[in-house]
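Enquirer: Sequence lines, in order, name chains A and B.
Per the working numbering, the very first residue in the first sequence carries number 1; after that it's consecutive.
Per the working numbering, the very first residue in the second sequence carries number 327; after that it's consecutive.
Virtual Cβ for every residue (Gly too), placed ideally from N, Cα, C.
Treat the numbers as computed from the prediction; the structure is a model and nothing was measured.
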Amino acid sequence: MVRVEGLCKRFSVPRREAGLRAALRALVRREYRVVEAVQDLEFSLAPGERVGFLGPNGAGKTTTLKMLAGLIVPSAGRVEVAGFTPSERRPEFLRRISLVMGQKRQLSWDLPAIDNFEFNRVVYEIDPVHYKRRLEELTALLEVGEVMRRPVRQLSLGERMKCELVAALLHGPQVLFLDEPTIGLDVAMQLGIREFIRRYNTEHGATVILTSHYMEDVAALCPRILVIDGGRLRFDGSLEALRRQIRPLRRVSVRAAALPDDPAALGRVVLQEGGRLVLDVAPERVPEVVGALVGLPEAQDLAVQDAPLEEVMRALFGREEAAELG
Amino acid sequence: MFYLRLVRAQLEMSTLTALQYRLGFWTEGLLGLLWSVIGIAPLFVAVEHLGAVEGWGRWELVVLTGCFTVLSGTFTALLQPALRASMTHILKGTLDYVLLRPADGLVLCLTCAFQPWHLVEVVGGLALVIAGLWLGEVEVTAAGLAAGLATGVAGVVALYAFGVLVLCASFQALQLQALTHVMEALMDFGRWPAQVFPPLLRVLFTFVVPLLVMTSYPAEALLGRLSWGTVAQLAAVSATLLVVARLAWVRSVRGYTSASS
Numbered sequence: 001m002v003r004v005e006g007l008c009k010r011f012s013v014p015r016r017e018a019g020l021r022a023a024l025r026a027l028v029r030r031e032y033r034v035v036e037a038v039q040d041l042e043f044s045l046a047p048g049e050r051v052g053f054l055g056p057n058g059a060g061k062t063t064t065l066k067m068l069a070g071l072i073v074p075s076a077g078r079v080e081v082a083g084f085t086p087s088e089r090r091p092e093f094l095r096r097i098s099l100v101m102g103q104k105r106q107l108s109w110d111l112p113a114i115d116n117f118e119f120n121r122v123v124y125e126i127d128p129v130h131y132k133r134r135l136e137e138l139t140a141l142l143e144v145g146e147v148m149r150r151p152v153r154q155l156s157l158g159e160r161m162k163c164e165l166v167a168a169l170l171h172g173p174q175v176l177f178l179d180e181p182t183i184g185l186d187v188a189m190q191l192g193i194r195e196f197i198r199r200y201n202t203e204h205g206a207t208v209i210l211t212s213h214y215m216e217d218v219a220a221l222c223p224r225i226l227v228i229d230g231g232r233l234r235f236d237g238s239l240e241a242l243r244r245q246i247r248p249l250r251r252v253s254v255r256a257a258a259l260p261d262d263p264a265a266l267g268r269v270v271l272q273e274g275g276r277l278v279l280d281v282a283p284e285r286v287p288e289v290v291g292a293l294v295g296l297p298e299a300q301d302l303a304v305q306d307a308p309l310e311e312v313m314r315a316l317f318g319r320e321e322a323a324e325l326g
Numbered sequence: 327m328f329y330l331r332l333v334r335a336q337l338e339m340s341t342l343t344a345l346q347y348r349l350g351f352w353t354e355g356l357l358g359l360l361w362s363v364i365g366i367a368p369l370f371v372a373v374e375h376l377g378a379v380e381g382w383g384r385w386e387l388v389v390l391t392g393c394f395t396v397l398s399g400t401f402t403a404l405l406q407p408a409l410r411a412s413m414t415h416i417l418k419g420t421l422d423y424v425l426l427r428p429a430d431g432l433v434l435c436l437t438c439a440f441q442p443w444h445l446v447e448v449v450g451g452l453a454l455v456i457a458g459l460w461l462g463e464v465e466v467t468a469a470g471l472a473a474g475l476a477t478g479v480a481g482v483v484a485l486y487a488f489g490v491l492v493l494c495a496s497f498q499a500l501q502l503q504a505l506t507h508v509m510e511a512l513m514d515f516g517r518w519p520a521q522v523f524p525p526l527l528r529v530l531f532t533f534v535v536p537l538l539v540m541t542s543y544p545a546e547a548l549l550g551r552l553s554w555g556t557v558a559q560l561a562a563v564s565a566t567l568l569v570v571a572r573l574a575w576v577r578s579v580r581g582y583t584s585a586s587s
């Protein structure tokens with residue numbers, strides 16, 4: 001469904017020193033700096049896959065997404081989405097994709113969302129019967145039956161995002177690009193949107209490509225992740241594989257009336273406070289350590305977990321680990 | 327057919343937006359009417375005292391003013407709002423959504439907003455043209471009418487092409503909304519007959535910034551004073567400008583970098 005080979009994007013960005021003198025000088029002669037936003041990216045996605053782009057701010061995720069959607073023309077390399085070259089922006093291609101951006105809106109601010117949907121029906125030439133059925137299905141799933149009749153400016157952020165999703169999906173895209181779709185939403189709304197995206201993917205077989213700063217979005221939705229940093233692909237695989245690669249140690253925690261005399265002998269001590277002990281332990285030593293901790297007096301709340309995702313990401317985007325992955 | 331439906335849907339959206347706020351709708355309407363009356367009123371005061379200007383009689387000047395008013399109304403009702411809205415899209419990065427629609431991006435940009443009340447000006451302009459022809463006892467021949475319509479269409483095409491070039495400039499330098507005001511100010515030259523301008527300016531306003539194609543020549547065509555050769559020349563000027571504008575648009579969109587999220 002998506003094939004990317006040697007994809008690059010360079011931007012020429014103006015730069016100047018601080019201060020009035022530099023600003024005046026820049027009026028006459030402006031200096032530019034070439035930024036390699038995306039460098040030599042290669043990957044391919046199968047139909048129906050759910051894939052997450054992970055990376056710090058400015059890593060090149062959104063630029064990649066926009067090149068896949070045909071909004072930005074690549075500087076070099078080849079992109080193929082649903083059998084089309086996106087930058088040609090053929091109508092047949094644009095009917096097969098949709099892009100939802102959490103920080104931008106396609107809905108007209110002053111009108112109720114239903115008027116925007118009707119406009120999209122004309123633009124995408126959706127058959128009226130099909131449109132009615134699809135609108136009913138989407139509005140029922142997202143529970144926006146009444147909401148879509150109020151002017152968009154009066155909607156909450158979550159309600160607006162639900163309406164944005166309806167607008168984006170009315171024409172039944174085969175490829176759905178989601179750029180930070182849950183940004184700024186409360187936890188309940190995030191869960192609702194995640195569940196909806198998963199259901200849409202399952203029921204319609206659409207390929208979903210997601211970028212998000214909320215690790216839970218990616219963890220819950222995407223069996224496969226691509227880590228992009230400095231415009232380069234650093235990792236391609238499952239979240240579990242990434243976690244094990246970056247933070248191979250398991251986190252073992254316990255609460256007990258008395259803790260071991262030398263906890264460092266069991267593993268790396270993360271926390272030792274009151275009756276609580278948290279250790280990072282090598283996977284092969286987990287059974288032995290668990291055995292030791294179970295034997296502690298009044299031992300309770302014993303847990304073995306992978307390292308928290310946020311910690312993995314923090315470590316991943318520390319330069320050393322990123323270099324190791326590369 | 328698709329593009330007719332699309333343009334209709336875009337115009338409907340603008341009308342719905344105008345109707346969404348009742349007070350705003352009536353205020354806009356009142357201002358639109360006032361604007362049209364203010365634009366035409368000096369003519370009623372001065373018409374009695376109008377002498378011939380470079381071979382143009384009193385009522386012929388009224389026809390010219392009518393042509394100018396039609397064009398100016400078209401600009402303020404249709405082109406200016408669309409240009410301003412599209413420039414805002416470029417500035418805010420929401421042009422992304424326009425470009426993602428399965429239709430020609432330029433058509434979508436040029437029809438994305440309009441101010442229905444300013445169409446009153448277009449109606450007023452047409453009334454002036456008819457009144458000028460009638461009171462000036464001009465016999466409009468079928469050929470003259472056809473030539474007038476042809477130059478009128480060429481004029482509107484030239485206006486839109488010029489607008490597209492202004493829009494393309496805003497891809498390079500953001501916050502160029504003031505350019506639409508410059509365009510409006512430039513259009514004021516179209517109030518005058520081509521003959522009042524020195525030869526160099528006449529060439530400039532015919533071939534480079536074709537204001538005269540938009541106003542003076544359609545009026546001359548209606549008055550039966552324009553040869554078909556000149557009509558063909560003017561059509562060629564508009565067509566060339568249209569091709570240049572289209573190429574500039576394609577180039578601008580290819581260089582579009584979007585705004586970061």
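(1) Could you tell me which uninterrupted alpha helix (DSSP H) segments, each at least 4 residues in length, are contained entirely in the segment 85-133 of chain A, listed from first to last along the chain?
(2) Output needed for B/A520: all residues of its chain with C-beta closer than 8 angstroms, excluding positions within five of it in sequence on either side, in chain order.
(3) In the DSSP assignment, find the beta strand (DSSP E) that holds A/P181 and state where it starts and stops.
(4) Taking C-alpha atoms, which residue in A/R3, A/F53 and A/M1 lies nearest to A/V227?
(5) DSSP state of A/I72, grouped into three classes?
(6) So which residues of chain B does A/F119 contact, with C-beta pairs closer than 7 angstroms?
(7) Assign A/H204 to one of two classes, buried (16 or more other C-beta atoms within 10 Å of its C-beta) or exposed (fewer than that).
(8) Going straight from the alpha carbon of B/L436 to that of B/M513, what length do you get?
(9) B/T353 CB to nearest chain A CB: under 8 angstroms?
(10) Would the beta-carbon of A/F119 fall within 8 angstroms of that of A/L135?
(11) What is the DSSP secondary structure of B/D430, counted as helix, strand or coil?
(12) Just grab the DSSP bridge partners of A/K66 for me.
(13) Anything in chain A within Cβ reach of B/A457, meaning under 9 angstroms, just list it in chain order.
(14) Taking the alpha-carbon of B/T400 as reference, which of B/G383, B/G451 and B/V557 has the nearest alpha-carbon?
(15) Does the structure place the segment 243-260 of chain A close enough to the segment 207-215 of chain A that three or more beta carbon pairs sit under 8 angstroms?
(16) Let me know if B/I416 comes out buried or exposed under the rule of 16 or more other beta-carbons within 10 Å of its beta-carbon.
(17) Considering only the beta carbon of each residue, do A/F177 and A/A303 sit closer than 8 angstroms?
(18) If the cut is a Cβ gap below 9 angstroms, which residues of chain A does B/S584 touch?
(19) Which residues in chain A have a C-beta closer than 9 angstroms to the C-beta of B/D422? List them in chain order.
(20) Quick check on A/G6: does DSSP put it in helix, strand or coil?
(21) Below 7 angstroms on C-beta distance, what does A/L210 contact in chain B?
(22) Which value, in whole angstroms, describes the spacing of the CA atoms of A/E321 and A/E5?
(23) For a minimum of 4 consecutive residues, which ranges assigned as the alpha helix (DSSP H) are wholly contained in the segment 412-461 of chain B?
(24) Kindly list the residues whose CB is nearer than 6 angstroms to the CB of B/L332, restricted to its own chain and excluding five residues on each side of it in sequence; keep chain order.
(25) Report yes or no: is there a C-beta of chain A within less than 8 angstroms of the C-beta of B/P544?
(26) Counting only C-beta atoms, is B/Q346 closer than 8 angstroms to chain A at any point?
(27) Shortest alpha-carbon distance to B/T395 belongs to which of B/V449, B/F440 and B/P442?
(28) Does the segment 91-99 of chain A come into contact with the segment 269-278 of chain A, if we say contact requires no fewer than three beta-carbon pairs (one atom in each stretch) closer than 8 angstroms?
(29) For B/T541, does the three-state DSSP call read helix, strand or coil?
(30) Return the residues of the segment 118-145 of chain A that lie within a Cβ-Cβ distance of less than 9 angstroms from chain B, sorted by chain order.
(31) Would DSSP call A/E284 helix, strand or coil?
(32) Does DSSP put A/S44 in a helix, in a strand, or in coil?
(33) Output the distance between the C-alpha atoms of B/G365 and B/A335, rounded to the nearest integer angstrom.
(34) One question on the structure: do A/L107 and A/V152 come within less than 8 angstroms of each other, judged by their Cβ atoms?
(35) Taking the straight line between their C-alpha atoms, what separation do you get for B/L560 and A/L71?
(36) Enumerate in chain order the residues of its own chain whose CB-to-CB distance from A/R30 is below 6 angstroms, with the five nearest sequence positions on each side excluded.
Expert: Reading it off the structure:
(1) 91-94 and 113-123
(2) R528, F531, T532, L538, S542, Y543 and E546
(3) Careful: A/P181 lies outside any beta strand (DSSP E) and carries neither H nor E.
(4) A/F53
(5) coil
(6) A335 and M339
(7) exposed
(8) 19 angstroms
(9) no
(10) no
(11) coil
(12) DSSP, once it has assigned bridges, lists no residue as partnering A/K66.
(13) Within 9 angstroms Cβ-Cβ: nothing; B/A457 doesn't reach chain A, min ~38 angstroms.
(14) B/G451
(15) no
(16) buried
(17) no
(18) T62, T63, K66, L71 and I72
(19) K66, A69, L71, L99, M101, K104 and Q106
(20) strand
(21) Ordered by position in chain B, no residue passes the 7 angstroms Cβ test against A/L210, which lies about 13 angstroms from the chain.
(22) Low confidence applies to A/E321: its pLDDT is 47, below 50, so where it sits in the model is not reliable enough to give any reading.
(23) 421-425, 431-436 and 445-461
(24) A429
(25) no
(26) yes
(27) B/V449
(28) no
(29) coil
(30) E118, F119, N120, R121, V122, V123, Y124 and E125
(31) helix
(32) strand
(33) 31 angstroms
(34) yes
(35) 36 angstroms
(36) P14
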